[in-house]
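Residue numbers (our numbering): 1 to 203.
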Amino acid sequence: MSELKIGIIVGSIREKSESGRIGHYIKGLLEEFDSPVSVEYFALRDLEVPLWHEGKWKSGSDIKAFWKPISDRLKACDGFVVICPEWAGMAPPHLKNFLLMCDGGELAHKPAQIVAISSGTGGAYPVAELRMSGYKNNFLWWMPDHMILRQVETLFTSDPATELDGILTARLVYGLTFLVETARAMAPVRQKHQNLKLYKNGM
1 MSELKIGIIV GSIREKSESG RIGHYIKGLL EEFDSPVSVE YFALRDLEVP
51 LWHEGKWKSG SDIKAFWKPI SDRLKACDGF VVICPEWAGM APPHLKNFLL
101 MCDGGELAHK PAQIVAISSG TGGAYPVAEL RMSGYKNNFL WWMPDHMILR
151 QVETLFTSDP ATELDGILTA RLVYGLTFLV ETARAMAPVR QKHQNLKLYK
201 NGM
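This is the structure we're talking about:
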């Protein structure tokens, strides 16, 4: 069985990021799968992606050259986990900007699971926002299952784990299993039918 590569995109730029902590927790879960899975980690704080502008479409531009190595890493992935903190009831603008930058097929027709992060009892609005507009021209394929980790500072911090930690971990593994198997199933379909030259933009 060939190895799959799952990209984890951490949408926080905070120095002490709960999204980053959860990203590493999910990375550990994926690396424990029986089927071979490797993880590519994309922390937006470290990437420092500039705001999209039309120079992205111009050959030889600085922004195009900056994006090329990130694009190559994304293209090598078969599926994604997108970890989205809730900032003022919204998905962070730099995460939306990152998704806008992915207009070269990096994410196209690849499954992705949303994991929303809330320090309180929110987290639903970023899920709705990403499902509504976070896929249009990058063709990212959101999985029907998503996770919302509320009061996140209290989660996955105890040893031994709490009962809630166990319940949420089981739910994460359930969703990640579907993600991995969907990524495996979609690879030959994408190779056979994808035509981004003819259908570059969504409707």
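C-beta: ideal position from N, C-alpha, C; glycine also.
Assuming Glu40 and Cys77 are in contact, meaning their beta carbons sit under 8 Å apart, how far apart are those beta carbons, in whole angstroms? 6 Å
Identify the residues that DSSP records as bridge partners of Gln113: which are they? Within the DSSP bridge table, the entry for Gln113 names Val81 as partners.
So, Gly134 versus Lys96, is the Cβ gap smaller than 8 Å? yes
For the alpha helix (DSSP H) containing Ala161, name the first residue and the last one. Run containing Ala161: none; DSSP gives neither H nor E here.
Whose C-beta lies closer than 8 Å to the C-beta of Tyr174 among residues of the same chain, with five residues either side of it excluded? Asp145
What are the boundary residues of the beta strand (DSSP E) that includes Met147? 147 to 149
With a threshold of 8 Å on Cβ separation, who are the neighbours of Ala161 within its own chain once the five nearest residues in sequence on each side are excluded? Thr169
Uninterrupted alpha helix (DSSP H) stretches inside the region 58 to 102 (no shorter than 4 residues): Segments of the alpha helix (DSSP H) lying fully in the region 58 to 102: 62 to 75, 93 to 101.
Rounded C-alpha distance that separates Phe98 from Glu163: 35 Å
C-beta atoms of Ile117 and Val81 nearer than 8 Å: no
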